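If you read the protein sequences in the order shown, they are chains A and B. Going by this note's numbering, 322 is the number at position 242 of the first sequence; the sequence numbering is gapless. Going by this note's numbering, 130 is the number at position 50 of the second sequence; the sequence numbering is gapless. By construction, the Cβ of each residue, glycine as well, lies at the ideal position given by its N, Cα and C atoms. These numbers come from a predicted model, not from an experiment.
Number of protein chains: 2
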Amino acid sequence: MPQYNPPLRDMQFVLHEVLKVTDELRGLPPHADIDADTINAVLEEGGKFAVEVTFPLNISGDEEGCTLDKTTHEVTPPKGFKQAYAQFVEGGWAALSCDPEYGGQGLPFVVNQCFYEMMNSANQAWTMYPGLSHGAYEALHAHGTDAQKKLYLPKLVSGEWTGTMCLTEPHCGTDLGMLRTKAEPQADGTFKLTGNKIFISAGEHDMTSNILHLVLARLPDAPQGSKGISLFIVPKFNVNEDGSIGSRNGIYCGGLEHKMGIHGNATAQIVLEDAVGTMVGAPNKGLAAMFVMMNAARLGVGNQSLGLTEVAYQNALAYAKDRIQMRSLSGVKAKDKPADPIIVHPDVRKMLLTAKAYAEGGRALAIYCTLLLDKELYHPDEKVRKDSGEIVALLTPIVKAFLTDNGHIATNACMQVFGGHGYVKEWGMEQLVRDNRINMIYEGTNTIQSLDLLGRKILGNNGATLKKFGKLIGALIAEEGVNEKMAEFINPLAYLADQMTKFTTELGFKGFQNPDEVGAAAVDYLRVAGHLVFGYFWARMAQTALREIAAGNPDPFYLGKVQTARFYFAKLFPETATLMRTARSGSRALMDTDAALA
Amino acid sequence: MPQYNPPLRDMQFVLHEVLKVTDELRGLPPHADIDADTINAVLEEGGKFAVEVTFPLNISGDEEGCTLDKTTHEVTPPKGFKQAYAQFVEGGWAALSCDPEYGGQGLPFVVNQCFYEMMNSANQAWTMYPGLSHGAYEALHAHGTDAQKKLYLPKLVSGEWTGTMCLTEPHCGTDLGMLRTKAEPQADGTFKLTGNKIFISAGEHDMTSNILHLVLARLPDAPQGSKGISLFIVPKFNVNEDGSIGSRNGIYCGGLEHKMGIHGNATAQIVLEDAVGTMVGAPNKGLAAMFVMMNAARLGVGNQSLGLTEVAYQNALAYAKDRIQMRSLSGVKAKDKPADPIIVHPDVRKMLLTAKAYAEGGRALAIYCTLLLDKELYHPDEKVRKDSGEIVALLTPIVKAFLTDNGHIATNACMQVFGGHGYVKEWGMEQLVRDNRINMIYEGTNTIQSLDLLGRKILGNNGATLKKFGKLIGALIAEEGVNEKMAEFINPLAYLADQMTKFTTELGFKGFQNPDEVGAAAVDYLRVAGHLVFGYFWARMAQTALREIAAGNPDPFYLGKVQTARFYFAKLFPETATLMRTARSGSRALMDTDAALA
C-alpha cells in the first residue's frame, strides 16, 4: 500500500528560511500577529488530516468511482467520501484562509497553499470537492452583491455547501465565446437558465445539502462572442431569504464522464432547464468575474500536480531502497543480500531526483505565488500591491503548465522505478499518473497557458513584468556572483537570464510580423521560463542551505538540499538549450505542412 | 468512436521505394520469387483483418477486461476475443512468416512486421495473444529438439495453440539470476517444475485448446545466479506422443493483475505445482535460449508502440480537422464557421507532427530491422549474415526503448489534441496512453535497454558495430553532401554523426574509470542514438521523396514526406543538444546524493 508523510520540514524551510514569510506577512495589517509556530501547528494538524482521513480513501475511491442514479439524478461518491467531508467541515478546514467577516479563519493564503498541497498528495479526486468551492468563494467574494455574499458566503466558508464552475459546453471548452446556455431575465430580477454544460468537476454529490453552481450563460440581447457572457449563481436547491433550503432547482446531473483518472470526483454533465439564478457582477462581464475563479483554479491545478509529484517521489524512494535487483555497476554494495537495492543504480537515482527536484522547486514557487496573493490583497503600499498582482499574473500560467507537465514527467518516472509493479494497481503508482494527466488539460490546456504567458503576460506589456521578476534574479546574482560555492548555480542562471532577454525580444519581433510565430514558440518558451523561475528558486534554496552549512549546522537536510540543487542544474535545467533552439526554428516547419497533414 | 486506416501507402513507400526490399529479398534463396504485389496484397488483407476483426474489440476489451474463475483457474478474455482468434487461425495469419517445414507460409519477416504493426494499432491487448506465441515459436525453432519441434511447432504455426514466456517472479524481474522456480529431473527424462511466476502476458485463456508455457527454472544442482537457469516447455495440458491432448498439467493461473492498461490481455500469476516439462536447449543455458525469444519480443514491443503511435495520430488528425475552437492567430481561416478548426493552431500541428514523424521514422527503422533478420537468416554470404545480425542486435534496444518512449510522447500529445475529450474514455485516446505505458517497462525496462545498448552493444566491442551503422550514414552523406535541397537534412545528421564518435569515446574512457558513468549516461545516450538512426532514415525518406518531386511526380504524398522530415529535423532532432549535455554532466550529480535521498 502507498505511504505518505507530509513534507513539513521542507515546507518550513521554504516558508521560514528561504522566503521568511512571517516577516513579510507581519507587514500586512490583517496578519500583523502571525507567527511561525501558528503556521507550523496548523500545517501539522492539516497533514494529519490528509494522512488519516483522505489518503486511505484514495485507492478505494479510484476503484469505486462515482455512481449516478438516473432516475433521481443524484450522485453517490465513493464510500467514505461523505464522512471525510463531514470531518473536514467539522475541523474548520474549509474556512482556513477565508474572510472572518463570513466566518473564515483569516489565515494567510500561504497556509492554505501548503494545506492543499498535502490534501492533493493524499487524494486529488476528493480534494477537488472543497477545492472547487474555494474558487466559487473567491469569485462571489470579489463580484457578488452584498445580498449574495450574505446569503451564500457563510455556507461556502463553513463548507456546509460546495460550489462548482460551469463553463464548458460540448462544443466549446477553450473558446467560451461560442457558449450557448441562455439566461432569460424574469420580472423578479432573477434569471431562468437553460442549456447543457459538460466536464463539471464535483458537479453533483450527496456530501452537502446544497451545491452552488457558478454558471456562464448569455442574456437574450447579448453581443456575440466572449463579450456577451454573463455569470450567474444557480443553486441546486433554491435558497430562501433566511438562508434555509427551498425547492429543487432546474439544474441536475445528466450523466457522469468515464475518465482516465480522478474517478473519485464526479465529472458531471449538467443540464439546466429553467434553472433559477441570480447574476454575479455586471451583464456581459461574466468572463472577467469568472477569471477571478479561474486564476485561483490555475494555481490550484499546479498545486494538484505538486502534491502528486511529492507523493509519487516518497513512494518511489521507499521502493528503491527496499527492492533488491542486480548489483551496482561500480561494485557490490549490499554484501549481505543476494542483490543491491535498486537505489544504487544511477538511472534509478535520476528518476527519483527528477521528482524530488520538481517537487521542491514547485513548492518554493507555489508558496512564493501565494505570498504574493497575500501581499496583493493587504500590503499597505499600493505599488507593492500592484507589483505583487502583476508578478503573480505572470507566474500563474507557469505554475499551471510547468508544474503539471513536471508532474507528468515525475509521476511517470516514479512509476517506472517500480518496473512492472508500477503498472499494476496495488502499488498506487499508475493512479498518480492517471490522476495527474487531467491537470495538463483542465482550467485551460497547457498550450493555452503558454499563449497566455508569452502573448499576453510578456509580449502584451513588452516584457515589463518579466523585467520585474528579472530584477529579483539580478539581485541574487549581484549578491552571490563572487561566491565560489554558489557558482555552479549562479552561472547557468545568469546565462539563461541573459539569453532570455534576447530570446524574448526576438520572439516579439517575429510575432509582430507573423502572430503564428508566437503560437509556434509559446510552449517551448513557457518551459524555458519555468526553468528560469525554478533556477532562481533552486539557487535561493542552495544559498540558504550553504549558509547553514557554513555556519556549522550539522542537519543533513541542508546538504541534501545542495545535492538536489546540483542535480537540478546538471540534469534538468539544460533542457533549455534544446527548447530555445526549437523555439527559434520558427513556425514554418509547423505551418507549411498542409501536404503532410492532408 | 475511434477510427483506423491501415497506412498501406506509407508501408509501400518504405518497403519498395526507400528500402527496395524485394531486390534485397530476392537475393535470399527462400524468397527468390517474392514480388511487391504479393507483399502488398497480403498487407491489404492483413489491414482488413485488423480493421474488421480486432479493432472493433479494442474499447470493449479495455472496458470488460479478463475474468478468472478461481475454482477452475480458467480465464475468460473479453467478449469476441475468442471468435476473433478463431478467424485469425482460419485466415492463416499465425503462420505468415513461419517455417514451411512446420506448416508456415514462409513469407519474409518484413511482411509479418507490417502485419503486426496494423494489428497493434487495432488492438494491442488482443494482439499479444498470438504475439507471444510467435516468440515461443522462435525459441523452440532455434533451440528445441527434433521431437519437441515435431510435437509443438505445427500447433504454434497454425495458431491452434498459443505460447507464453514465464520469466518473472515476485522478487525478480530484471535480475533473473535470482529466480527460484525449481525443476526436478524425473526418471523418464522429463522434469517436475514448482514455483511462482508473475506478469505472464496471455498466461491463461480459453481461446485455444492448449497453451505452451516456456518456463525458466533451476535444476537442483544448478550454479547460483544467471548461469544456473534452464529453459523448459510446460504445456497447460500434457501432450501425448501422437500430438493429442492428455491430462491437465500442474500449471495454472493463480490470479490476474489489475493493470493500468492492456486490460484485454490476461496478465497472469502462474503457479507451478509438480508441472511436467521437458528441457529446451542445454542445462543451465536457459537464458541464452530464452534470449532468442526476448530479442524477438523486444522488437515486437517497439512495434506495439509504433502501432499505437500511428492510430493515435490518425484520430488526433481527424479530430483537429473537425473540431472548431478559437480563431487562427494569423487571421480567420474558416470564414463560414464560428471558429477555425484547431489544426490552424501551431501547437496543435506540433503535437500532430510529433506523432507522425515518430510513427513514420519508427516504421522505417522497424522494417529495416526485420529486413536484417531476413538477411541474417538466409543471405548466401556469411559476412552479410553476420553483419546483419550484429546491426539488428545494435538496433534492438533502440527499437524497444526509443519507439516506446516516443509512443509515450506521441500518444500523450495526440490525447492532448482532444483537450478534455481526450481524458474521457469514449474517444479511445486515453486508452492508447495507458496501453502504451507498459511497453516502456516489459521485456526489459527502457533503462535496461539503454545499458544493453551503451554497455554491451557499443562499448562492449569498442564501437565496432556502431561504426558499421556509421558507414551507412557516411555513404548517404557522401551521396547527398553537395545536394542543396538535402542540406537541411544532411547537415544536422552529419554534425550529430561526428559528435557521436567523440561522445562515445568520451563515455568509454569515463566508464573505464568508473562504471557508474555508463549507467548515468546510458538513457540519454540511447535517445541520442535513436535520433541518429531516425535522422538517417528521415534523410533517406526525404531523399526518395525529393527525387520523385524532381522527376515531376505530382503525388502530394512526397511533398508531405519532405515537410514531415523538415519538421522532424527542426523540432524533434535538436533534443540531442540537451541530451549530450546532460549525459556529459556525469554521474556525480546522481551518485553523490545520499543526503538528498535519505
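Within the continuous alpha helix (DSSP H) that includes residue i, where are the two ends?
{"i": "TYR332 (chain A)", "result": "TYR332 (chain A) -> not in any alpha helix (DSSP H); beta strand (DSSP E) instead, spanning 331-336."}
{"i": "PHE718 (chain A)", "result": "With chain A covering 81 to 678 only, the question about residue 718 (chain A) has no answer from this structure."}
{"i": "VAL133 (chain A)", "result": "Unbroken run through VAL133 (chain A): none, as it is neither H nor E."}
{"i": "GLY382 (chain A)", "result": "366-402"}
{"i": "ARG260 (chain A)", "result": "Note, ARG260 (chain A): premise wrong, no alpha helix (DSSP H); not H, not E."}
Residues of chain A with CB under 9 Å from residue i, in chain order?
{"i": "GLN405 (chain B)", "result": "HIS251, CYS252, GLY253, THR254, ASP255, MET258"}
Apply the 10 Å Cβ neighbour rule to residue i and answer buried if 16 or more other Cβ atoms are within range, or exposed otherwise.
{"i": "HIS425 (chain A)", "result": "buried"}
{"i": "VAL562 (chain A)", "result": "exposed"}
{"i": "MET359 (chain A)", "result": "buried"}
{"i": "GLY441 (chain B)", "result": "buried"}
{"i": "MET81 (chain A)", "result": "exposed"}
{"i": "ALA216 (chain A)", "result": "buried"}
{"i": "PRO634 (chain A)", "result": "exposed"}
{"i": "PHE583 (chain B)", "result": "buried"}
{"i": "ASN519 (chain A)", "result": "buried"}
{"i": "VAL479 (chain B)", "result": "buried"}
{"i": "TYR575 (chain A)", "result": "exposed"}
{"i": "HIS501 (chain B)", "result": "buried"}
{"i": "VAL191 (chain B)", "result": "buried"}
{"i": "HIS111 (chain B)", "result": "buried"}
In chain B, what lies closer than 9 Å to residue i by C-beta?
{"i": "ILE478 (chain A)", "result": "Ordered by position in chain B, no residue passes the 9 Å Cβ test against ILE478 (chain A), which lies about 17 Å from the chain."}
{"i": "HIS65 (chain A)", "result": "Because chain A is modelled from 81 through 678, residue 65 (chain A) falls outside the range shown and cannot be assessed."}
Tell me which residue opens and which closes the beta strand (DSSP E) that residue i is part of.
{"i": "ASP354 (chain A)", "result": "348-360"}
{"i": "MET245 (chain A)", "result": "242-246"}
{"i": "GLU197 (chain B)", "result": "Counting along the chain, GLU197 (chain B) falls outside any beta strand (DSSP E), though it belongs to the alpha helix (DSSP H) covering 189-223."}
{"i": "ASP485 (chain B)", "result": "Where ASP485 (chain B) is concerned, there is no enclosing beta strand (DSSP E), although the alpha helix (DSSP H) it sits in stretches over 462-497."}
{"i": "ASN276 (chain B)", "result": "271-280"}
{"i": "GLY326 (chain A)", "result": "325-328"}
By the criterion of Cβ-Cβ separation under 7 Å, what are the contact partners of residue i in chain B?
{"i": "PHE279 (chain A)", "result": "GLY500"}
{"i": "ASP672 (chain A)", "result": "GLN643"}
{"i": "THR261 (chain A)", "result": "The premise fails here: THR261 (chain A) is roughly 15 Å from chain B at the closest Cβ pair, so nothing lies under 7 Å."}
{"i": "GLU510 (chain A)", "result": "MET340"}
{"i": "GLY599 (chain A)", "result": "LEU409, HIS425, PRO426, ASP427"}
{"i": "ALA493 (chain A)", "result": "What ALA493 (chain A) touches in chain B: nothing, since even the nearest Cβ is about 11 Å away."}
Which residues in chain A sit within 8 Å of residue i, going by Cβ to Cβ distance?
{"i": "ASN594 (chain B)", "result": "SER410"}
{"i": "VAL603 (chain B)", "result": "ASP427, LYS430"}
Mind checking if residue i is an interface residue toward chain C, Cβ cutoff 8 Å exclusive?
{"i": "ILE139 (chain B)", "result": "This model lacks chain C altogether, as its protein chains are A and B."}
Give me the chain B residues within the contact set of residue i, using Cβ-Cβ distance strictly less than 8 Å, ordered along the chain.
{"i": "ARG661 (chain A)", "result": "PRO654, ALA657"}
{"i": "LEU445 (chain A)", "result": "What LEU445 (chain A) touches in chain B: nothing, since even the nearest Cβ is about 19 Å away."}
{"i": "ALA678 (chain A)", "result": "PRO636, GLY640"}
In chain A, what lies closer than 7 Å to residue i by C-beta?
{"i": "PRO418 (chain B)", "result": "MET258"}
Original post:
Is it true that the region 518-538 of chain B meets the region 550-560 of chain B, where meeting means three or more beta-carbon pairs spaced less than 8 Å apart?
Top reply: no
**OP:** Identify each residue in the region 375-386 of chain A for which the Cβ-Cβ distance to at least one residue of chain B is less than 7 Å, and report them in chain order.
**Re:** none
Original post:
Can we say the region 328-346 of chain A touches the region 138-148 of chain A, given the rule of at least three CB pairs closer than 8 Å?
Top reply: Cβ pair count under 8 Å is three or more, so yes.
Original post:
Quick one, which residues of the region 628-656 of chain B are near chain A if we go by CB-CB under 7 Å, in chain order?
Top reply: PRO636, LEU639, GLY640, GLN643, THR644, ARG646, PHE647, ALA650, LYS651, PRO654, GLU655
Original post:
Which residues, in chain order, does the region 517-528 of chain A contribute to contact with chain B at a C-beta distance below 8 Å?
Top reply: Answer set for the region 517-528 of chain A: ARG517, ILE518, MET520, ILE521, TYR522, THR525, ASN526, THR527.
Subject >> Meets three-Cβ-pair contact criterion under 8 Å: the region 316-335 of chain B and the region 350-359 of chain B >> reply: yes
Original post:
Per the contact definition of three or more C-beta pairs closer than 8 Å, is the region 99-110 of chain B in contact with the region 633-648 of chain A?
Top reply: The region 633-648 of chain A is not in contact with the region 99-110 of chain B.
Original post:
Are the region 308-325 of chain B and the region 488-495 of chain A in contact at 8 Å, needing three or more beta carbon pairs?
Top reply: With the cut-off at 8 Å, the region 308-325 of chain B and the region 488-495 of chain A do not touch.
**OP:** Evaluate the contact criterion for the region 366-376 of chain B versus the region 156-176 of chain B: three or more CB pairs, one atom per stretch, below 8 Å.
**Re:** Judged by Cβ distances under 8 Å, the region 366-376 of chain B makes no contact with the region 156-176 of chain B, as fewer than three pairs qualify.
Subject >> Contact between the region 387-407 of chain A and the region 225-235 of chain B (3+ Cβ pairs under 8 Å) >> reply: no
**OP:** Could you please tell me which residues of the region 422-441 of chain B, in chain order, have their CB closer than 7 Å to any CB of chain A?
**Re:** ILE423, HIS425, PRO426, ASP427, ARG429, LYS430, LEU432, LEU433, LYS436
Subject >> Near-chain A residues of the region 348-359 of chain B - C-beta to any C-beta below 9 Å >> reply: none
Original post:
Do the region 297-310 of chain A and the region 374-394 of chain A make contact, defined as three or more Cβ pairs closer than 8 Å?
Top reply: no
Subject >> the region 84-96 of chain A touching the region 116-129 of chain A, judged by at least three CB pairs closer than 8 Å >> reply: yes
Subject >> Inter-stretch contact (C-beta, 8 Å, three-pair minimum) for the region 421-440 of chain B and the region 390-399 of chain B >> reply: Taking 8 Å as the limit for Cβ pairs, the verdict is that the region 390-399 of chain B does touch the region 421-440 of chain B.
Original post:
Is the region 245-254 of chain B in contact with the region 273-288 of chain B, if contact means three or more CB pairs nearer than 8 Å?
Top reply: yes
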